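S.K.:
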Amino acid sequence: MKISKATTATLLSVGLLSLVGCAAPVHGEYTFVSTIDDLAKQSTEIVEVKIESHRDGKLYPEPFTGDDPETNPYAGTKAEPPSPEELASDVVLYDAVVTDTVAGSARKGEGIEIHQMSNDPDLSYLEDGNTYVLFLLTAEGHPAGIIGGDQGIYLVDGDRLRPVDKEIGIPLERASLDRLRTNAR
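Set out below in structure tokens:
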């Protein structure tokens, strides 16, 4: 059996791409961005916080209601939705104090509760006593969530801001935070 050069090249390309794809790091199901501006656009709060304490917890989704199958997959069926406990996600809950607000409604000295999924082994967890700049998404009645997994976390190290994940982190300087602060007004 004779294989053409084009077929051989195609098979080698597919094999190489498969190997490269397998070598790519997996970071859960988070939306990653390539610029600080894009990260800021997804955030409702950009704050500097000091982590006071943490604990294990559960995050419960809103109950399924209404008769629209787009928002309630059980609408029009005889099936009962799962209990809130069955739908709950394991999280780490952090109690933090806001030390600076870049964008959003949080105020200096205010307490804020933040959650992070605890079943993702790729995440870098926040440490009690450390200060971070966080890009957060807030929703009424729920702890704030960090945008993009680790991508929305910067450890404050003196005047430097260090992304906690060097692979996916976007460089961030204090001047960029000042620009975001000005744009948020």
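Yeah, the sequence shown ends on 1243 if you go by the numbering used here, and it's all consecutive.
Note that beta-carbon positions come from the ideal geometry of N, C-alpha and C, so glycine has one too.
Values in this document were obtained by computation on a predicted structure and should not be read as measured data.
Please classify residue 1208: is it buried, with 16 or more other beta-carbons within 10 angstroms of its beta-carbon, or exposed?
M.R.: buried
S.K.: Compute the Euclidean distance between the alpha carbons of residue 1101 and residue 1135, then round it to the nearest angstrom.
M.R.: If I take the Cα positions, the gap works out to 36 Å.
S.K.: May I ask which residues mark the beginning and end of the beta strand (DSSP E) holding residue 1244?
M.R.: No statement about residue 1244 is possible, as the shown extent of the chain runs from 1059 to 1243 and does not include it.
S.K.: Once the 5 residues before and after residue 1205 are set aside, which same chain residues still bring their CB inside 7 Å of it?
M.R.: 1097, 1100, 1101, 1193, 1194 and 1195
S.K.: Rounded to the nearest angstrom, what separates residue 1040 and residue 1137 at their Cα positions?
M.R.: Lying before the first or after the last residue shown, residue 1040 is absent from the chain, which here runs from 1059 to 1243.
S.K.: So what's residue 1168 in DSSP terms, helix, strand or just coil?
M.R.: coil
S.K.: Along the chain, where does the beta strand (DSSP E) that runs through residue 1114 open and close?
M.R.: 1103-1117
S.K.: Assign residue 1215 to one of three DSSP states: helix, strand, or coil.
M.R.: Shown here, residue 1215 sits in a strand according to DSSP, grouped into three states.
S.K.: Can you name the start and end residues of the alpha helix (DSSP H) that residue 1240 belongs to?
M.R.: From DSSP, the alpha helix (DSSP H) with residue 1240 extends over 1232-1242.
S.K.: What is the residue span of the beta strand (DSSP E) that residue 1202 lies within?
M.R.: Under the DSSP assignment, residue 1202 falls in the beta strand (DSSP E) whose first and last residues are 1202-1204.
S.K.: What first and last residue would you give for the alpha helix (DSSP H) that runs through residue 1097?
M.R.: 1094-1099
S.K.: Does the region 1121-1134 touch the region 1226-1237, meaning 3 or more C-beta pairs lie closer than 8 Å?
M.R.: no
S.K.: Any contact of the region 1119-1130 with the region 1151-1158, i.e. 3+ C-beta pairs under 8 Å?
M.R.: no
S.K.: Determine the extent of the beta strand (DSSP E) in which residue 1122 is found, giving its start and end residues.
M.R.: Counting along the chain, residue 1122 falls outside any beta strand (DSSP E), and DSSP gives it neither H nor E.
S.K.: Exposed or buried, which one is residue 1203 when buried takes at least 16 other CB atoms within 10 Å?
M.R.: Residue environment analysis places residue 1203 among the buried positions, since at least 16 neighbouring C-beta atoms fall within 10 angstroms of its C-beta.
S.K.: Which same chain residues, not among the five before or five after residue 1113, have their C-beta less than 7 Å away from its C-beta?
M.R.: 1151
S.K.: Measure the C-alpha to C-alpha separation of residue 1116 and residue 1179 and round it to an integer number of angstroms.
M.R.: 17 Å
S.K.: Does the beta carbon of residue 1169 come closer than 8 Å to any beta carbon on chain D?
M.R.: Here chain D cannot be found, since the structure has a single protein chain.
S.K.: Does the Cβ of residue 1161 have 16 or more other Cβ atoms within 10 Å, making it buried, or fewer, making it exposed?
M.R.: buried
S.K.: Within 10 angstroms of its Cβ, does residue 1210 collect 16 or more other Cβ (buried), or is it exposed?
M.R.: buried
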